[in-house]
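Note that the working numbering has the sequence shown beginning at 16, numbered continuously upward.
Ideal placement from N, C-alpha and C gives every residue a C-beta, glycine not left out.
Quick notes on the structure that follows.
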Amino acid sequence: MQTITETTPIGKMAVLLAMSDTEEEEKALKQYINQLPTHRAAVTFITGISDKISHVYIKSIVNTALSTETVNKTSGQLHALIHAGLEALNAMVVQPTVDSSLKMKVSMVTNKNWVAVATYGYSAFSLYTNHERMGLGIMHLK
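As structure tokens, then:
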């Protein structure tokens, strides 16, 4: 596991959290980030066909972020989360949109000013074309 500190940029924290390999590593990273006075972190998993994922992706990250208090229920913070999330999702979905299977871990990290959303997982048009993909979106909370 790569070491993170209080001064690690939140984008890097989100990427490392999204790429964590084991539940123990994920738990340790979330625990460390969440004990920092100005930081919060959360993780969710999303799988499915790309055109269907777009319908549940925003709901999933918003519900996860709110239930873990990674963001507050204010229009500014939710707006920033959604924009950062869409930026990260764009790296996972092939343009123009072609039905592909996606399996991704989505992490969200906030500090007092910023929200970072990282996606990491696999995309495949068929069983034989499976490959890794990653995305990162960062937005100002205010």
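Candidates the options: closest to residue i by CA position
i	options	result
Ser115	Lys88, Ser69, Trp129, Leu151	Ser69
Asn105	Ser122, Trp129, Arg148, Tyr143	Arg148
Ile64	Lys45, Met28, Ala139	Ala139
Tyr72	Leu156, Trp129, Asn128, Met123	Met123
Ala29	Leu44, Thr53, Ser141	Leu44
Asn128	Asn87, Asn145, Ile19	Asn87
Glu40	Lys74, Thr23, Ile19, His98	Ile19
Helix, strand or coil at residue i according to DSSP, with G and I counted as helix
i	result
Ser115	coil
Met34	coil
Glu147	strand
Ala57	strand
Thr62	strand
Leu93	helix
Asn49	helix
8 Å contact criterion, which residue i and residue j should meet: CB distance rounded
i	j	result
Thr125	Thr89	Incorrect: roughly 12 Å between the Cβ atoms, too far for contact.
Ala103	Gly152	4 Å
Tyr137	Lys118	5 Å
Leu156	Ala95	5 Å
Arg55	Thr83	7 Å
One or two residues paired with residue i in a DSSP bridge
i	result
Tyr137	Lys118, Glu147
Thr125	Arg55, Val130
Ile153	Ala131
Answer yes if the region 47-59 comes into contact with the region 78-94, meaning at least three C-beta pairs across the two stretches below 8 Å, and no otherwise. Yes, since at least three Cβ pairs between the region 78-94 and the region 47-59 fall closer than 8 Å, the two stretches touch.
Is the region 121-134 close to the region 22-34, with three or more CB pairs under 8 Å? yes
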